[in-house]
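Worksheet: the structure to be examined is printed underneath.
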Amino acid sequence: MTARSLPPLNALRAFEAFARCGRMTLAADELCVTHG
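In my numbering, the protein residues as written are 56 to 91.
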């Protein structure tokens, strides 16, 4: 895979946090971002 075909690292972090937490609000709190 080339670097252009990979998603941004922040997107992967957000996806992983959401999958682990199960709720967008909890994932956003963990990542110190807003969920909106």
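Yeah, the Cβ is synthetic: ideal placement off N, Cα and C, and Gly gets one too. Given the structure is predicted, the values throughout are model-derived calculations rather than measurements.
Rounded C-alpha distance that separates residue i from residue j
| i | j | result |
| --- | --- | --- |
| His75 | Cys87 | Residue identity differs from the one stated: residue 75 is Arg in this sequence, not His. Roughly 16 Å separates the two Cα atoms. |
| Met79 | Leu61 | 23 Å |
| Ala83 | Pro63 | 17 Å |
| His90 | Ala72 | 12 Å |
Residue i (DSSP reduced to helix, strand or coil)
| i | result |
| --- | --- |
| Arg78 | coil |
| Leu86 | helix |
| Leu61 | coil |
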